[in-house]
Amino acid sequence: MRVALFLTCVNDTLYPDTGRAVVKLLTRLGVEVDFPTAQTCCGQAHYTTGYRHEAEPLARHFGEVFGGYEAIVTPSGSCGAMVRELYPRMGERARAEGRGEALAAALAPVAARTYELTEFLVDVLGVTDVGACYPHTVTYHPTCHGLRGLGLGERPRRLLRAVRGLELVELPGAEECCGFGGTFAVKNADVSAAMGTDKVRNAASTGAEVLCAADNSCLMHLGGLMTRLRTGMRPVHIAEILASTEEEPAA
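Numbering follows UniProt numbering, with no gaps: position 44 of the sequence shown is 44.
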């Protein structure tokens, strides 16, 4: 099977190891992974801040870059939800405003073929044991877009429970937002920090070494707070855990 990796801006700029982990993991499972170098921002930051028309060229470009692939995999529930949920809305809005069918036609195929990493593993490949080994105590934070937008449910936990050596402990208040919310963290910094602090304190109460999530944007927010609060925990993307094997040291 040949898929395209939609890495996202945040990962490409700040967390390239997550992208490498996705490629390593999928290759180990027999998947051929392409990384289209023409990919750019999906337009989420523009769209959710109110610049909806300005997001359209980015969405159209996404459709052009990824339109030829049978599946598009992303290690981001946030950007995955943008493509799956908001691209169709963008296309329908353009149609309703009388700006033609082209945008809707370009976006519908990529929206239908875009998967967040854990749902691709569980739903498309049909695997939960990916051959990983990660001898650490881990607690999992289900991010808002993955939980409420994509409905990832138990998929990430099923994958984590199958990792050899990993002890998964439940996070109190797991379904509460971490407070990041993209530009929300900038516009409402005090509220964002307070929400994140509650999340970090709940995570620290588990005694886990690692706080895991499927979105590096949320982990960036929580990681900064963990450092300030000196919890000793580490933020780690689920892709990096699932890519780890006993032949090499865990991250």
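The beta-carbon is built from N, C-alpha and C at its ideal position, and this holds for glycine as well. Bear in mind the structure is a predicted one, so any value in this text is a computation, not a measurement.
For Leu-5, the beta-bridge partners assigned by DSSP are Val-73. Distance from the Cα of Leu-242 is smallest, within the candidate group Ser-205, Ala-21, Ala-71, for Ala-21.
Within the same chain, Ala-213, Pro-235 come within 6 Å of Leu-219 by CB-CB distance, once the 5 residues on both sides are set aside.
By the CB criterion at 9 Å, Leu-103 and Met-82 fall outside the cutoff. Taking C-beta atoms as the reference points, Leu-160 and Leu-166 count as a pair closer than 9 Å.
The DSSP-derived three-state label of Pro-156 is helix. In the displayed model, Thr-49 falls within coil according to three-state DSSP, outside both helix and strand. DSSP places His-141 outside both helix and strand once states are collapsed to three, so it counts as coil. Judged by DSSP secondary structure, His-221 falls outside any beta strand (DSSP E) and instead within the alpha helix (DSSP H) spanning 216-229.
In the displayed model, Glu-167 falls within a strand according to three-state DSSP.
In chain order, Ala-59, Gly-63, Tyr-87, Pro-88, Met-90, Gly-91 place their CB closer than 7 Å to the CB of Leu-107, counting only its own chain and leaving out the 5 sequence neighbours on each side. By the neighbour-count criterion, in which 16 or more other beta carbons inside 10 Å mark a residue as buried, Arg-155 falls on the buried side. Linking Asp-129 to Leu-29 through their CA atoms gives a straight-line distance of about 10 Å. The beta carbon of His-237 sits closer than 6 Å to those of Thr-18, Asn-216, all from its chain and outside the five residues before and after it, given in chain order. Following the DSSP letters along the chain, one finds Tyr-134 in no alpha helix (DSSP H), marked with neither H nor E. DSSP places Leu-25 inside the alpha helix (DSSP H), whose first and last residues are 16-28. Relative to the Cα of Val-127, the nearest Cα in the group Val-191, Glu-176, Glu-209, Leu-26 belongs to Leu-26.
If you check the CB distance, Leu-14 and His-141 do not come in under 9 Å. Bridge partners of Arg-234 according to DSSP: Val-210. A straight line joining the alpha-carbon of Met-1 with that of Val-124 spans about 10 Å. Taking every protein chain shown into account, the CB of Ala-96 has fewer than 16 other CB atoms within 10 angstroms, so this residue is exposed. Residues Ala-55, Ser-78, Cys-79, Met-82, Leu-86, Gly-182 of the same chain have their beta carbon placed closer than 8 Å to that of Gln-44, with the five preceding and five following residues left out of the count.
Ranked by Cα distance from Ala-105, the options Tyr-115, Ala-94, Ala-162 are led by Ala-94.
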